[in-house]
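Residues 399 to 636 in the working numbering are what the sequence shown spells out, letter by letter. Encoded as structure tokens, the structure appears first; notes follow it.
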Amino acid sequence: MSSNSITEKEGSKDNYYVQTVNMDAPAPPAQMQPYQRTFGNPAPLGMLAYGTVFLCSSILTLASKSVGSPSLVMVFATFYGGISQTLVGMWEMFLGNTFSATVFTTYGGFNFSYGALYLPQIGLAAAYTGADGVIGQEFYNAIGIYLGIWDLITFVFLLGAIRTTAPIVATLFFTVCALTCLSANAFTGNAHLATAGGALGIIASFGAYYGALSLFWTQQTTFSFIRLPPLITAPSNV
399 MSSNSITEKE GSKDNYYVQT VNMDAPAPPA QMQPYQRTFG NPAPLGMLAY
449 GTVFLCSSIL TLASKSVGSP SLVMVFATFY GGISQTLVGM WEMFLGNTFS
499 ATVFTTYGGF NFSYGALYLP QIGLAAAYTG ADGVIGQEFY NAIGIYLGIW
549 DLITFVFLLG AIRTTAPIVA TLFFTVCALT CLSANAFTGN AHLATAGGAL
599 GIIASFGAYY GALSLFWTQQ TTFSFIRLPP LITAPSNV
């Protein structure tokens, strides 16, 4: 028999090789699957709080003659806007969203301070009240400065939000316009400026509502014909 035939038989024998398993060998250690933590999106809560406080304040500005006391603004600004937006800002910071954290925390402080304007315990209005019980023009000048500073801060936020979404840009833009009118009204007492500020504030609040609902109405919560597109203003590579 030739050597070639022997090689062929050995090769065919290798094709039927069966690997044996040592039953006494220890089992390989089990691989632990990494835990995947899921975080919610706190931005809709912050934007709803922003829009609600601004909507309430703007409506009361337009209906100032029929609503004597602005105490309702204090309730919304302090117990909804202030607390909610401050918490949202802290959560956004934890998630690594520096811009959102800065905006929401800043407006949380704004709502706390705005609500404090109407607290009698703070005594801000009493400090500017004369002996005749009438609030002097110095109080309204101080309010004008207060609103002007927040107007400047909002404009800074507007410049930093141009590449986000159209509702956010529109909200901040109309907020700047509204605060400008309200600040000028505090200095001049022009009723038309107060009306314009209230109307622009309502527009800004609806922009905030749109931005919140575009993130809140998702595929897991509602139907596709109800969901709103986010309307991104610029591609990520610009």
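Cβ coordinates follow ideal geometry from the N, Cα and C atoms, glycine included. Only a predicted model underlies this, so the values are computations on that prediction, with no experimental measurement involved.
Fill in: Own chain, CB closer than 6 Å to residue 444, minus 5 neighbours either side, in chain order
483, 486, 502
Fill in: Nearest-angstrom Cα separation, counted from residue 619 out to residue 429
35 Å
Worksheet item: Would you call residue 588 buried or exposed, if buried means 16 or more other Cβ atoms sit within 10 Å of its Cβ?
Response: exposed
Worksheet item: Along the chain, where does the alpha helix (DSSP H) that runs through residue 538 open and close?
Response: 535-558
Discussion item. Considering Cα atoms alone, identify which of 438, 499, 488, 540 is closest to residue 559.
Written reply: 499
Worksheet item: If you draw a straight line from the C-alpha of residue 570 to the C-alpha of residue 488, how long is it?
Response: 21 Å
Worksheet item: Mind checking residue 536: buried by the 16 CB within 10 Å criterion, or exposed?
Response: exposed
Worksheet item: By how many angstroms is the C-alpha of residue 585 removed from the C-alpha of residue 627?
Response: 40 Å
Fill in: residue 574 versus 533, 562, 436, 603, residue with shortest Cα-Cα distance
603
Fill in: Neighbourhood of residue 450 by C-beta, 8 Å cutoff - its chain only, sequence neighbours within 5 removed
474, 478, 479, 603
Worksheet item: Does the distance from the C-beta atom of residue 516 to that of residue 471 stay below 8 Å?
Response: yes
Fill in: Residue range of the unbroken alpha helix (DSSP H) whose run includes residue 507
496-514
Worksheet item: Can you give the Cα-Cα distance for residue 453 and residue 528, rounded to whole angstroms?
Response: 32 Å
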